[in-house]
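Asks: First the structure, which I've put down as structure tokens, then a few questions once you've had a look.
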Amino acid sequence: MKWSIASKTMEEGRELVNQDRVIKLVPDETETVWRAEIIDDQTYKVILDGTAKEEDYCSCDAFAKKGYCKHTVAAELFLRELGMTRVFKFNDELRRYPEVEDSEPLVDTLVEEFDQEFQVSNNQMNQRPSLTQLAITIEIYNEAVSAFQIDYHDLFYLRLKIGHQRQYYVTDLEQFFHIFNERGLYTLPNREREQVLLSPYCFDKTAYDFLNHLARNYQFTNLLASKMLHAPESKNLKQRYFLSADEFTALIAPDTAKALDIKLIIDQEELHPHLSQEKAQVLAINDQGENWQLNFNPKIKIFQNYGIAASDQGIIGLNLSAKEYSALDLVHQQIAENDFTLDLDQEDAHAFLALFGYLLTKLGTINGIAEDKISALADQQIVELVFNAQANALEIAVVFHYGDYQIGKRLGETKLPDQAILFRDYLQEITVENTLISLGFSPQGDIYQSEFASISQAMAYLKRLLHMMPADWAYSYTDKLADLDAENINPRLQVNSDSGNRYLSIDFTIDDVESEEVDRILAAIVNAEDYYQMDDGRVLDVQNILEDQETDMLKHLNQQNETWHNGDVVPIYQTLPYASALKGQELFQQFYDEVIHSKDHMSVDLNGLKTDLADYQLQAVKWMQALGKYQLGGLLADEMGLGKTVQTIAFILSSWNNDKAIQGLVLAPASVLYNWAYEFRKFAPDIKVLVIDGSAQEREDLRQTDHTVAITSYQSYRNDKDAYQETIYDILVLDEAQAIKNERTMLYQSVAKQGALMRLALSGTPLENNLNEFWALMQIVLPGLLPEAKSYQQMATEEIRRVVSPFVYRRTKEEVALDLPNKEVTDRYTKLEREQKNIYLAYLEDIKHKLQAHDKQANMHMDLLAGITRLRQICCHPKLINADYQGESGKFEYFKESLDRALDADKSVLVFSQFTSMLKLMEDHLQAMGISYYSITGKTKKQDRQAQVQAFNQGERKVFLISLRAGGVGLNLTGADTVFLYDLWWNPAVEEQAIGRAHRIGQTHDVEVYRFITEGTIEQRIAELQEEKRVLFDELFAEDGSAKQSLSLEDLQFILGIN
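Here it is, written out as structure tokens:
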């Protein structure tokens, strides 16, 4: 097994073995591999290499990333538990296979070779090594070079001396470190051929730790030095250990140098091995009036690889870039040619110091000149680039700032001190000029210039150029580019509305700019052009003219209305997503406040309503009133039971109180037509309501009758659509609106054509299967709110929610019942027992085998569903498929333990299962334990149900067994404070309904919910599928809850792990 495998992975692999997840492991002699199958979150196929190469394979993602995983570890650990190893030749168990050779000759050979390799020689056996403490001396050398020379490949190496009273050079470091690692005997190169033991006990701790470091790094360091750092070839190379910069620095550190005997020899002269805190003198100036003499220190030597300089004054640490080392080399060449002395007149001396003085001060000190004669401001250098546009060319002037002084090529840009020498960062100045040339700018007199095909290309290049420049460079613009950042361009936005409040006009204006040019600027913004050149020659970065939210609004308006131009009107609802852009516009602000904050800005007239509305119901009526004012549609998506019907009636009443001439049409399922009429008569008896039902002639006669609100079924409307479409209704109500989600049906198309000033859809489950159905529904409610289908499918769920949120109103019971206790849902994972697992795996393999032979999609769907049901039953208890099964069920055992703990804590428990046969096993257990319980299945009589519910809520018994289908809805069991969901259902709404039996209005205790899931089986897959479908609904409506979900073929294949 690879030594590099993480300990966490090892533990995870061992856990898989302990849980009996390795279900198959067989040798494949043809390929010399072991083939294994391991159950984790799914079944993974593992191939173990049967040789020492360990070239393994696993089908999981972790193996693809790391080259190992917990599954390959589990397979190898499983082999070890069998007393076997992965290498075929070393397994006695495989000897029965004729292809595997007998391993005894190999073992004998290895033993013989080991003896020869590691046995102590005869002459060593007869000697007694010295065991006294050894002393070491470390000598550090460099390659001898001329004074003040910079050698890019100049290296330090150490030589090692070892012994007792007298020390001897180690002549072969590789051999020495090999013996050191083995803690063996080393022969000193003295006349007696004395042997010493290289043991930790024979060295000072500091010395031993240092030798241990050298031994670990010797091979790599010397290879690196000889191949990559170009260490010089030498017959003495075996005696040398080439030092890295970190190793050299560590050796000359005060503590190390004190603990070890270290000698530093540079150019055959011994120096004190420590870093000096003071710089050496690099230059001495002799001011002779008109003539100056510059005397350079010839004993300074630079070691670039180690970041130091050495002189007769000691070792100095340097902090130089590669360019600075090269620049010093060029300066040195000139100085060395003049025997390290320059005789210059005053002007040339000043020029030399101005250009190169700053560079030399990085190496050492300059003496012989008064401080007030030098302006040492190079560290404060600021590079400024001045940009200008000329025709289709981009121009740059460069200015170097040093405090209050500056240097530039243009007249008037240079300002120098009067009496002092300004030390410049000349190397940086050259770097700036070379950078501009490398970017395509050529020197043209006192500027740098680059030609482009158009001014737009030039500005685009300038924008990219600014991002490439160092952050500490400054830049400015000439007058022609003064408006490049659009600071002097201030567009104003004006908004006006039409008489019906349904449309707003949006108009941008810019001072001193003609409307035609404003249109062209806006067009450039919409077309994502970066720059625009105005008629007067000014260049604008058009993407910075408007605020980001204004730009987004402009682009979306053009996308939604291809013919829109600046100043045109748009539907008012299309402006809501751009509230931040239109904030402060009076007409929009009023619309925004009334729709988004309707509860604070709208009033309703509920005179004649025969009930008192709850606060949340009144808020919904105000929201509908706001939509009605602006002739907009909406979707009331309150959870079932919160009163969507009475809220809608209250809204119609309020509208009727304001205008007695309004006409309303309610489309609803046939089963609730007369319930609507009853609710109208109960809550708003003043409104004339008519149910249009019966034969075609009867329906026609009823339509001629005087009424304010007509109520008819979807089926009747489809048949009578022509008659209804003759009227434009003030309010169109679509009850259970999800019934018309299919845009390809005649009903959908008929309702879409129905004239109405306001459309109000009612649905507690507006999203049943996918977002496309929701799109179809919103196209009915508010056409044009969402883009056409193709573009809609590219929208993120969060973006859809943002667009529709003002027109979708949804509350849940949890939101409106503020005193509802807490609910905590916890997943409890169990494992299959050994016999149970064998049954499960056998059924799973059988299902997969049968499906591979299928050629009909419909039959496959049914077989998949049936197979999944079988596997779920096995997870619950194998007795559900085989009454003679005598083994245990991991989940059932865990359930019994959990139930005992709950009852010991005086909890009242609801237990839900889809399978009545599972409930029967639970009953047998409860009876055996003497625990009283209630039970509801599909066979329980209605009167018995209510009696059991009442008794349980009064605390007569502590356990209630309930069939998920028979008792998942319609029961009020607030006497329970604990819910066990024994088996999962792929529709999370079904589970929510079951939990809702206990967690509902009237509950006074916190409710704990436990979902029992068998790990590594389809139940874990079902839990993942539930979360996927729940997240879709939550993302769209930002609520907890989910609509009824159907299982697609892909869902079933996902649960089974079939691709």
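Residue numbers (the UniProt record's numbering): 1 to 1059.
Just so it is clear, CB atoms sit at the ideal spot from N, CA and C, and this is done for glycine as well.
(1) Can GLY50 and PHE78 be called in contact, C-beta distance under 8 angstroms?
(2) Hey, quick one: how far does the beta strand (DSSP E) through ARG828 stretch, first residue to last?
(3) In terms of residues, what are the limits of the alpha helix (DSSP H) holding SER515?
(4) Between the C-alpha atoms of ARG957 and SER908, what's the straight-line distance to the nearest angstrom?
(5) Over what stretch of residues does the beta strand (DSSP E) that includes ASN657 continue unbroken?
(6) Could you give the residue range of the alpha helix (DSSP H) that holds HIS467?
(7) Can you tell me the Cα-Cα spacing of LYS848 and PRO577, whole angstroms?
(8) CB-CB under 7 angstroms to SER935, same chain, minus the five flanking residues each way: which ones, in chain order?
(9) Does the region 302-309 come close enough to the region 256-263 to have 3 or more Cβ pairs within less than 8 angstroms?
(10) ARG424 and TYR325 - do their beta-carbons sit closer together than 8 angstroms?
(11) Does the distance from the CB of ASN496 to the CB of LEU587 come in under 8 angstroms?
(12) Enumerate in chain order the residues of its own chain whose CB-to-CB distance from THR978 is below 6 angstroms, with the five nearest sequence positions on each side excluded.
(13) Enumerate, from N- to C-terminal direction, the unbroken beta strand (DSSP E) stretches of 3 or more residues contained entirely within the region 538-614.
(14) Using 10 angstroms around the beta-carbon of ASN291, count the other beta-carbons present and answer buried if the total reaches 16, otherwise exposed.
(15) Over what stretch of residues does the beta strand (DSSP E) that includes VAL432 continue unbroken?
(16) Of the choices GLN749, GLN167 and ARG502, whose alpha-carbon is the least far from that of ASN719?
(17) Any idea if GLN914 is buried or exposed, counting beta-carbon neighbours within 10 angstroms, 16 or more meaning buried?
(18) When the Cα atoms are used, what is the spatial distance from PHE441 to ASP479?
(19) Which residue or residues does DSSP assign as beta-bridge partners of GLY314?
(20) Can we say the region 55-74 touches the region 9-16, given the rule of at least three CB pairs closer than 8 angstroms?
(21) Looking only at its chain, what residues have a beta carbon closer than 8 angstroms to the beta carbon of LEU953, apart from the 5 residues adjacent to it on each side?
(22) Compute every distance between the C-beta of ASP568 and the non-hydrogen atoms of the ligand ADP, then say whether any falls below 7 angstroms.
(23) Using C-beta distances below 7 angstroms, list every residue in its chain close to GLU11, excluding the 5 sequence neighbours before and after it, in chain order.
(24) Could you check whether ASP638 and LYS644 sit closer than 8 angstroms to each other, using their CB atoms as the reference points?
(25) Please report the straight-line C-alpha distance between LYS2 and MET84, rounded to a whole angstrom.
(26) What alpha helix (DSSP H) runs, 4 residues minimum, are completely inside the region 55-79?
(27) For GLY930, which beta-bridge partners are listed by DSSP?
(28) According to the Cβ coordinates, are ALA377 and GLY408 closer than 8 angstroms?
(29) If residue 1064 and PHE892 are in contact, beta carbons under 8 angstroms, what's the gap, nearest whole angstrom?
(30) Helix, strand or coil, according to DSSP, for SER276 in the structure here?
(31) Would you report the Cα separation of VAL595 and ILE652, rounded to the nearest angstrom?
(32) With burial defined as no fewer than 16 other Cβ atoms inside 10 Å of the residue's Cβ, what is the status of THR341: buried or exposed?
(33) Apart from the five residues on each side of it in sequence, which residues of its chain come closer than 8 angstroms, Cβ to Cβ, to GLN533?
(34) Return the CA-CA distance between ILE780 and ASN658, expressed in angstroms with no decimal places.
(35) With burial defined as no fewer than 16 other Cβ atoms inside 10 Å of the residue's Cβ, what is the status of GLY694: buried or exposed?
(36) Pull up the CB-CB distance for LYS373 and ALA420, whole angstroms please, since I reckon it's below 8 angstroms.
Replies: Answer, in terms of the structure:
(1) Indexing the sequence shown from 1 puts residue 50 at position 50. Indexing the sequence shown from 1 puts residue 78 at position 78. No, these two residues do not count as a Cβ contact at 8 angstroms.
(2) In the sequence shown, residue 828 corresponds to position 828, counting from 1. Here the beta strand (DSSP E) through ARG828 covers 823-830.
(3) Residue numbering aside, residue 515 sits at position 515 when the sequence shown is read from its first letter. Where SER515 is concerned, the enclosing alpha helix (DSSP H) stretches over 515-526.
(4) Counting from one through the sequence shown, the residue named residue 957 turns up at place 957. Counting from one through the sequence shown, the residue named residue 908 turns up at place 908. The alpha-carbon atoms of ARG957 and SER908 are separated by roughly 8 angstroms.
(5) By one-based count along the sequence shown, residue 657 stands at place 657. Looking at the DSSP string, ASN657 is not in any beta strand (DSSP E); the run it does join, the alpha helix (DSSP H), is 644-658.
(6) Position 467 of the sequence shown holds residue 467. Element bounds for HIS467: 455-468.
(7) Counting from one through the sequence shown, the residue named residue 848 turns up at place 848. Counting from one through the sequence shown, the residue named residue 577 turns up at place 577. Whole-angstrom Cα-Cα distance: 50 angstroms.
(8) As a position in the sequence shown, residue 935 is number 935, starting the count at 1. Closer than 7 angstroms at Cβ, skipping near neighbours: LEU919, GLU923 and LEU961.
(9) no
(10) Taking the sequence shown and counting its residues from 1, one reaches residue 325 at position 325. Taking the sequence shown and counting its residues from 1, one reaches residue 424 at position 424. Against a cut-off of 8 angstroms, the Cβ pair of ARG424 and TYR325 comes out as no contact.
(11) For the purposes of this step, residue 496 is taken as residue 496 along the sequence shown, with counting starting at 1. For the purposes of this step, residue 587 is taken as residue 587 along the sequence shown, with counting starting at 1. Yes.
(12) By 1-based counting over the sequence shown, the position of residue 978 is 978. Cβ neighbours of THR978 beyond the five flanking positions: ALA902, LYS907, VAL909 and GLU1008.
(13) 539-541 and 569-571
(14) By one-based count along the sequence shown, residue 291 stands at place 291. Exposed, since its Cβ has fewer than 16 Cβ neighbours within 10 Å.
(15) Here residue 432 corresponds to residue number 432 of the sequence shown, with the count starting at 1. Per DSSP, VAL432 belongs to no beta strand (DSSP E); it is in the alpha helix (DSSP H), 426-438.
(16) As a first step, residue 719 must be located in the sequence shown, where it is residue number 719. Nearest option by C-alpha distance: GLN749.
(17) Position 914 of the sequence shown, counted from the start, is the residue given in the question as residue 914. It counts as buried.
(18) What you label residue 441 is simply residue 441 of the sequence shown in a count that begins at 1. What you label residue 479 is simply residue 479 of the sequence shown in a count that begins at 1. Rounded to whole angstroms, PHE441 to ASP479 spans 21 angstroms at the Cα level.
(19) Start at 1 with the first residue of the sequence shown, and residue 314 comes out as number 314. DSSP output for GLY314 lists SER311 as bridge partner(s).
(20) yes
(21) Here the question's residue 953 lines up with position 953 in the sequence shown. One point to set straight first is that residue 953 is Asn, not Leu, in the sequence displayed. Counting only Cβ-Cβ distances below 8 angstroms, and skipping sequence neighbours, we find ASN972, LEU973, THR974 and GLY975.
(22) Judged by which ligands are present, the structure shown has none, so any question about the ligand ADP falls away.
(23) By 1-based counting over the sequence shown, the position of residue 11 is 11. Contacts found: none.
(24) By one-based count along the sequence shown, residue 644 stands at place 644. By one-based count along the sequence shown, residue 638 stands at place 638. Contact: yes.
(25) Taking the sequence shown and counting its residues from 1, one reaches residue 2 at position 2. Taking the sequence shown and counting its residues from 1, one reaches residue 84 at position 84. Their Cα atoms are separated by approximately 17 angstroms.
(26) 61-66
(27) Here residue 930 refers to the residue found at position 930 of the sequence shown. In the DSSP output, where bridge partners are listed per residue, GLY930 has none listed.
(28) Here the question's residue 377 lines up with position 377 in the sequence shown. Here the question's residue 408 lines up with position 408 in the sequence shown. Before going further, note that residue 377 is Leu rather than Ala in the sequence given. Cβ distance not < 8 angstroms, so LEU377 and GLY408 don't count as in contact.
(29) No statement about residue 1064 is possible, as the shown extent of the chain runs from 1 to 1059 and does not include it.
(30) For the purposes of this step, residue 276 is identified with residue 276 of the sequence shown, where counting begins at 1. Here SER276 sits in coil by DSSP.
(31) Within the sequence shown, numbered from 1, the residue matching residue 595 stands at position 595. Within the sequence shown, numbered from 1, the residue matching residue 652 stands at position 652. In a straight line, the C-alpha of VAL595 is about 17 angstroms away from that of ILE652.
(32) Mapped onto the sequence shown, residue 341 falls at position 341. The residue is exposed, with fewer than 16 neighbouring Cβ atoms inside 10 Å.
(33) On the sequence shown, residue 533 is found 533 positions in, with the first residue counted as 1. Closer than 8 angstroms at the Cβ level, and outside the excluded window around GLN533, lie ILE455, SER456, VAL539 and LEU540.
(34) For the purposes of this step, residue 780 is taken as the residue at position 780 of the sequence shown. For the purposes of this step, residue 658 is taken as the residue at position 658 of the sequence shown. One C-alpha to the other measures close to 26 angstroms.
(35) Taking the first residue of the sequence shown as position 1, residue 694 is located at position 694. Looking at its Cβ environment, which holds fewer than 16 other Cβ atoms inside 10 Å, GLY694 is exposed.
(36) The count along the sequence shown starts at 1 and reaches residue 373 at position 373. The count along the sequence shown starts at 1 and reaches residue 420 at position 420. Yes, they are in contact, since the Cβ atoms of LYS373 and ALA420 sit about 5 angstroms apart, within 8 angstroms.
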